[in-house]
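Heads up, the thing below is written out as structure tokens.
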């Protein structure tokens with residue numbers, strides 16, 4: 287059996303806490319959607335924890351924690367910067383996606399994040415042009431520098447993504463939710479977003495397109511090295 291302390295016992299310990307980044311919760315007040323965003327904010331503090339055990343008691347009766355050193359921190363750099371200038375955006379679809387393309391095109395033409403729209407078709411459901419052709423045409427506009435972004439729509443969003451990725455330097459993704467659209471740009475520097483008219487509702491598709499043109503990749507972010515690794519594999523395997 288342990289003895290009961292006959293006098294007050296005070297113990298202290300010092301902990302150093304270091305971190306290069308943290309996650310913060312961000313709420314979209316229009317949709318009430320809550321997302322976690324990676325914030326590149328270095329944290330380096332020293333914390334002192336003190337415990338006090340009173341005479342005649344086995345248990346610690348008081349614990350006090352205080353920050354004893356908080357270096358002046360730089361303003362946090364949030365990973366998801368919004369675009370500061372408009373994108374030249376190309377769009378395409380096959381006959382399974384032209385309905386959505388035409389509706390979203392009208393939205394983006396009025397969006398401040400879009401400088402101009404380059405529509406490479408198809409524009410009518412009666413046009414049976416196979417999806418690889420307009421998808422590659424749109425991707426080539428990015429490769430040549432005539433466009434910054436491309437929004438491609440087919441029945442599932444899969445075929446146009448596969449096709450666009452056959453053009454060197456292109457990173458095309460299929461995404462049907464806000465988080466994936468965000469990370470496609472901020473983590474992967476994907477220039478091409480693909481969606482499927484038979485997969486996603488029109489209102490969500492319109493919203494995702496507007497969100498997409500609001501993001502800009504940060505070439506100084508931790509993700510830049512990974513994107514470069516992707517491109518290095520492309521250079522090695524498809525030179």
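Residue numbers (my numbering): 287 to 525.
Virtual Cβ for every residue (Gly too), placed ideally from N, Cα, C.
Which residues bound the alpha helix (DSSP H) around residue i?
i, result
"residue 393", "384-395"
"residue 433", "No alpha helix (DSSP H) holds residue 433; DSSP gives it neither H nor E."
"residue 459", "Residue 459 -> not in any alpha helix (DSSP H); beta strand (DSSP E) instead, spanning 458-460."
"residue 513", "510-523"
"residue 416", "Residue 416 -> no alpha helix (DSSP H), and no H or E assigned at all."
"residue 453", "Premise fails: residue 453 is in no alpha helix (DSSP H) and is neither H nor E."
Given this structure, state the Cα-to-Cα distance separating residue i from residue j, to the nearest angstrom.
i, j, result
"residue 381", "residue 515", "36 Å"
"residue 459", "residue 297", "56 Å"
"residue 409", "residue 397", "21 Å"
"residue 456", "residue 476", "7 Å"
"residue 356", "residue 523", "At residue 356, the pLDDT of 45 sits below 50, so the modelled position is not reliable and the matter cannot be decided from this model."
"residue 468", "residue 376", "19 Å"
"residue 463", "residue 525", "34 Å"
"residue 400", "residue 519", "31 Å"
"residue 393", "residue 494", "11 Å"
"residue 366", "residue 420", "Note that residue 366 scores 44 on pLDDT, short of 50, meaning its location in the model is unreliable; the coordinates nonetheless yield the value given after this. The alpha-carbon atoms of residue 366 and residue 420 are separated by roughly 30 Å."
"residue 383", "residue 418", "13 Å"
"residue 437", "residue 466", "15 Å"
"residue 453", "residue 299", "59 Å"
"residue 567", "residue 416", "Outside the displayed span of the chain (287 to 525) sits residue 567, for which this structure offers no information."
"residue 517", "residue 503", "15 Å"
"residue 363", "residue 513", "Residue placement at residue 363 is poorly supported in this model, since its pLDDT is 41, which falls under 50; the coordinates still yield a value, given next. Roughly 20 Å between the two C-alpha positions."
Would you kindly check if the distance between the Cβ of residue j and the Cβ of residue i is under 7 Å?
i, j, result
"residue 378", "residue 406", "yes"
"residue 439", "residue 483", "yes"
"residue 470", "residue 461", "yes"
"residue 391", "residue 403", "yes"
"residue 413", "residue 374", "no"
Below 8 Å on the Cβ atoms is my contact criterion, and I expect residue i with residue j to pass it. Report the Cβ-Cβ distance as a whole number of Å.
i, j, result
"residue 478", "residue 425", "6 Å"
"residue 230", "residue 485", "The structure shown does not extend to residue 230, since the chain is modelled only from 287 to 525, so the question has no answer here."
"residue 389", "residue 488", "6 Å"
Kindly indicate the opening and closing residues of the beta strand (DSSP E) around residue i.
i, result
"residue 401", "400-405"
"residue 375", "373-379"
At a threshold of 6 Å, does residue i count as lining the ligand GTP (C-beta to nearest heavy atom)?
i, result
"residue 378", "The ligand GTP is not part of this structure, which contains no ligands at all."
Report the residue ranges of all beta strand (DSSP E) runs contained in full by the region 471-508; include only those spanning at least 3 residues, in chain order. As far as the region 471-508 is concerned, its whole beta strand (DSSP E) runs of at least 3 residues are 478-482.
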